[in-house]
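Notes to accompany the following structure.
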Ligand SMILES: C[S@@+](CC[C@H](N)C(=O)[O-])C[C@H]1O[C@@H](n2cnc3c(N)ncnc32)[C@H](O)[C@@H]1O
């Protein structure tokens, strides 16, 4: 059983648990949208259709928010779980967001198009650190000049003690928000596959890949939003 199979099996109930399992949901996803939207609006102002790639898009939560913030953006949603993408396509069709879905692994070559923004939420931590670094380089390569990469991610603490605190605080927060035993156990089962890395290391990998203006824009315990830009010509 891989983590993708677990998401595939849980696709039908995925959305309803999100606001409990991501206690800072609005700030977390909202920041990712805020960081990516200006680049997309610039594309619109230049008379182009902004192209967005959402990696590990799942049921399309982030795509849907980006689509609502920048009407006219076209979004390609990539994920290895077809059942998650089916739900995403339904949501985006209902919302009237132009989109395409692609069933693929994050370790596969990325689509060959050029993107104004590559966004991702809670997905890259499923790769090992070498896989994350390689992915960041491939993302840089598919971005247009001036494009932005935004990762809204579950991160590791910078020390084992802080990582332990992150886990403790998360459990207390989701319990307070009403997660029951079954929901917590299912989340822990999926999280057994997680390979999160600290924010500082990931920002360094973005810089190493060529990104500039790399920054962490939001952080609440294990949830962080960091980003970088592909420099203009
Ligand atoms: C926690 S969900 C996040 C979904 C969505 N981005 C969101 O914010 O709700 C993680 C997603 O990553 C996908 N995923 C995990 N590992 C993957 C891989 N190696 N290749 C492609 N997709 C992967 C899963 O299928 C799942 O849909």
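Residue numbers (the working numbering): 2 to 234.
Just so you know, even glycine gets a beta-carbon here, dropped at the ideal spot from N, CA and C.
Computed from a predicted structure; not experimentally measured.
- prompt: Anyone know if the C-beta pair for residue 170 and residue 222 falls short of 8 angstroms?
  reply: Yes; because the gap between Cβ atoms is below 8 angstroms, this pair is in contact.
Reduced DSSP category for residue 216 - H, G, I as helix; E, B as strand; rest coil: strand
- prompt: Buried or exposed: residue 230, going by 16 or more other Cβ atoms within 10 Å of its Cβ?
  reply: buried
query: If you draw a straight line from the C-alpha of residue 189 to the C-alpha of residue 183, how long is it?
result: 10 angstroms
- prompt: Smallest Cα separation from residue 155: which of 139, 125 and 207?
  reply: 125
query: Buried or exposed: where does residue 104 fall if 16 or more other Cβ atoms within 10 Å of its Cβ makes it buried?
result: By the Cβ neighbour-count rule, residue 104 is exposed, with fewer than 16 other Cβ atoms within 10 Å of its own.
field: Start and end residues, alpha helix (DSSP H) containing residue 33
entry: 26 to 46
task: Counting only the same chain and skipping the five closest in sequence on each side, list residues whose C-beta sits under 7 angstroms from that of residue 25.
output: 221 and 224
- prompt: Hey, which unbroken runs of the beta strand (DSSP E) at 3 residues or more fall wholly within the stretch 116 to 194?
  reply: You should have 116 to 122 and 144 to 155.
Straight-line gap, residue 178 to residue 21 (C-alpha atoms, nearest Å): 6 angstroms
- request: Using three-state DSSP, classify residue 75 as helix, strand or coil.
  value: DSSP places residue 75 within a strand segment (E or B) once states are collapsed to three.
- request: Measure the alpha-carbon distance for residue 208 versus residue 81 and round it to whole angstroms.
  value: 27 angstroms
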